[in-house]
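Numbering-wise, the sequence shown is residues 1 to 263 according to my numbering.
Even for Gly, the Cβ is constructed at its ideal location relative to N, Cα and C.
What follows is a set of notes on a single structure, which appears directly below.
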Amino acid sequence: MTDTPASKGLSPLMHDSLSPFPHGFFTRHGGVSTGLYESLNTGRGSHDDPSAVSENRRRVCAHLRARVLVTPHQIHSALAVYIDAADNDTPAPEADALVTDQPGIALGVLAADCAPVLLADPQAGVIGAAHAGWRGAFDNIVKSCIDLMVETGAIRERIRAVVGPAISARSYEVGADFVAHFADRYLSDADLFAPARTKGHVYFNLPVFVQRQLARSGVSADVMDMCTYEEADTLFSYRRTTHQGAHDYGRQISAIALPAADD
Numbered sequence: 001m002t003d004t005p006a007s008k009g010l011s012p013l014m015h016d017s018l019s020p021f022p023h024g025f026f027t028r029h030g031g032v033s034t035g036l037y038e039s040l041n042t043g044r045g046s047h048d049d050p051s052a053v054s055e056n057r058r059r060v061c062a063h064l065r066a067r068v069l070v071t072p073h074q075i076h077s078a079l080a081v082y083i084d085a086a087d088n089d090t091p092a093p094e095a096d097a098l099v100t101d102q103p104g105i106a107l108g109v110l111a112a113d114c115a116p117v118l119l120a121d122p123q124a125g126v127i128g129a130a131h132a133g134w135r136g137a138f139d140n141i142v143k144s145c146i147d148l149m150v151e152t153g154a155i156r157e158r159i160r161a162v163v164g165p166a167i168s169a170r171s172y173e174v175g176a177d178f179v180a181h182f183a184d185r186y187l188s189d190a191d192l193f194a195p196a197r198t199k200g201h202v203y204f205n206l207p208v209f210v211q212r213q214l215a216r217s218g219v220s221a222d223v224m225d226m227c228t229y230e231e232a233d234t235l236f237s238y239r240r241t242t243h244q245g246a247h248d249y250g251r252q253i254s255a256i257a258l259p260a261a262d263d
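Structure, rendered in structure tokens:
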């Protein structure tokens, strides 16, 4: 689309499998936030200027040609919520996945190392967005999202999914307790762990684990191989800013929309 004042400077990553719908894995570029949050910080939970966050979210909504942008109050759960109506004053539902079949609504999730997942059944006109940190992925938030999409009218075999930028296996170092926790339920995923430089620690491949959880629910997915920790100029990262001693961090948004009826 041609840049407008609302979308100029935005640089979302796109994926062909989701192309029937306006969508984007938005980077940190194209917003109005400054300093630590430069520039497209969409996290209301950050200590950024709320007016800057609101403007950033407005730009994302306009870029997607949506009437309203809905994001959940993320709680690292396996809870998915159907959105049937919303406006800019609607409280954010406590959940980690959203589903809708209503035109004009954009669904988004925020992340700064966790894996964002966008999903769509183009024929049914059903979309979903899920936030999969390790805990949500472990409890299978993507299954909850897919099941709710099917309840809403999607056909499981038609659902397309993309796992967006997240912390990669090259940078996600975890301890022995983490490994033991996974081994109790996901022994077959032991190959997703690799020795780390720190004694007693390993690296974990979160994006591929999320991809496998999608496959277990009958949905094949592509993974964008972009690491939030490594791509400092492009993406926000909680872990990177923590290692740098920063007091807070920005959040990027991944969002998908159903075009308004008059589009």
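Legend entry - Pick from E94, V163 and L119 that is closest to A106, judged by C-alpha positions: Relative to A106, the option among E94, V163 and L119 whose CA is nearest is L119.
Legend entry - Closest residue to I167 among D233, F25, P207 and R58 (Cα-Cα distance): Of the residues D233, F25, P207 and R58, the one whose Cα lies closest to the Cα of I167 is P207.
Legend entry - Minimum length 4: unbroken alpha helix (DSSP H) runs contained in the stretch 206-250: Listed in chain order, they are 206-216 and 238-243.
Inset, instruction - Mind checking which residues open and close the alpha helix (DSSP H) that includes A62? - result: In this chain, the alpha helix (DSSP H) harbouring A62 covers P50 to H63.
Inset, instruction - Look at the alpha carbon of I305 and the alpha carbon of F209, and state the distance between them as a whole number of angstroms. - result: With the chain running from 1 to 263 in the structure shown, residue 305 is simply not present.
Inset, instruction - May I ask you to list the residues that DSSP assigns as paired with I127? - result: Bridge partners of I127: T100 and A120.
Inset, instruction - Let me know if H47 comes out buried or exposed under the rule of 16 or more other beta-carbons within 10 Å of its beta-carbon. - result: By the 10 Å Cβ count, H47 comes out exposed.
Inset, instruction - Would you list the residues sitting across from E173 in a DSSP beta bridge? - result: Assignment of beta-bridge partners to E173 by DSSP yields Y203.
Inset, instruction - Would you check if the distance between the CB atom of S17 and the CB atom of D222 is smaller than 8 Å? - result: Result yes, Cβ atoms of S17 and D222 sit closer than 8 Å.
Legend entry - Residues sharing a beta bridge with V163, DSSP: Paired residue(s): V117 and V223.
Inset, instruction - Please classify K199: is it buried, with 16 or more other beta-carbons within 10 angstroms of its beta-carbon, or exposed? - result: Label assigned to K199: exposed.
Inset, instruction - Would you mind reading off the limits of the beta strand (DSSP E) that contains L69? - result: Start and end: V68 to V70.
Inset, instruction - Verify the CB distance criterion: does R240 have a CB-CB separation below 8 Å to chain D? - result: In summary, chain D is missing from the structure at hand, where a single protein chain is found.
Legend entry - Spatial distance of D184 from A66 (CA atoms): One C-alpha to the other measures close to 43 Å.
Inset, instruction - If I'm right that P93 touches P72 with Cβ under 8 Å, what's the distance once you round it to whole angstroms? - result: With 8 Å as the limit, P93 and P72 qualify as a contact, their Cβ atoms being about 5 Å apart.
Legend entry - First and last residue of the uninterrupted alpha helix (DSSP H) at V142: V142 -> alpha helix (DSSP H) spans I141 to T152.
Legend entry - Range covered by the beta strand (DSSP E) that runs through G108: For G108, the enclosing beta strand (DSSP E) stretches over residues I105 to A111.
Inset, instruction - Take A260 and list the residues in its own chain whose beta-carbon comes closer than 8 Å to its own, dropping the five residues that flank it on each side. - result: Excluding five sequence positions before and after A260, the CB atoms of its chain that fall closer than 8 Å to its own CB belong to R65, A66, R67, P103 and G104, given in chain order.
Legend entry - Proximity to A85 [Cα-Cα], best of A97, V70 and G164: It is V70.
Legend entry - For G30, the nearest candidate out of I256, L40 and D49 (CA to CA): With distances taken between CA atoms, G30 lies nearest to L40 out of I256, L40 and D49.
Legend entry - Nearest-angstrom Cα separation, counted from H23 out to L13: Between L13 and H23, the C-alpha separation is close to 9 Å.
Legend entry - Identity of the residue in A132, V126 and G133 nearest M150 by Cα: The sequence given here places Val at residue 150; Met does not occur at that position. Out of A132, V126 and G133, V126 has the C-alpha closest to the C-alpha of V150.
Legend entry - Cα-Cα separation, R170 to S77: Rounded to the nearest whole angstrom, the C-alpha separation of R170 and S77 is 25 Å.
Legend entry - Three-state class that DSSP yields for D3 in the structure shown: With a pLDDT of 38 at D3, under the threshold of 50, the modelled position of this residue cannot be trusted, and the question is left open.
Legend entry - Residues of its chain near G218, where Cβ-Cβ distance is below 6 Å and the 5 sequence neighbours each way are ignored: In the same chain as G218, and ignoring 5 residues on each side of it, the C-beta atoms closer than 6 Å to its own belong to R156, in chain order.
Legend entry - Neighbour-count burial assignment, N56, 16 or more Cβ in a 10 Å radius: N56 is buried by the Cβ-count criterion.
Legend entry - Cut-off 8 Å between Cβ atoms - residues of its own chain near A137, not counting five sequence neighbours on either side: Closer than 8 Å at Cβ, skipping near neighbours: A115, L206, F209, V210 and Q213.
Legend entry - Sub-8 Å separation of A112 and Y238 beta-carbons: Yes. Within cutoff.
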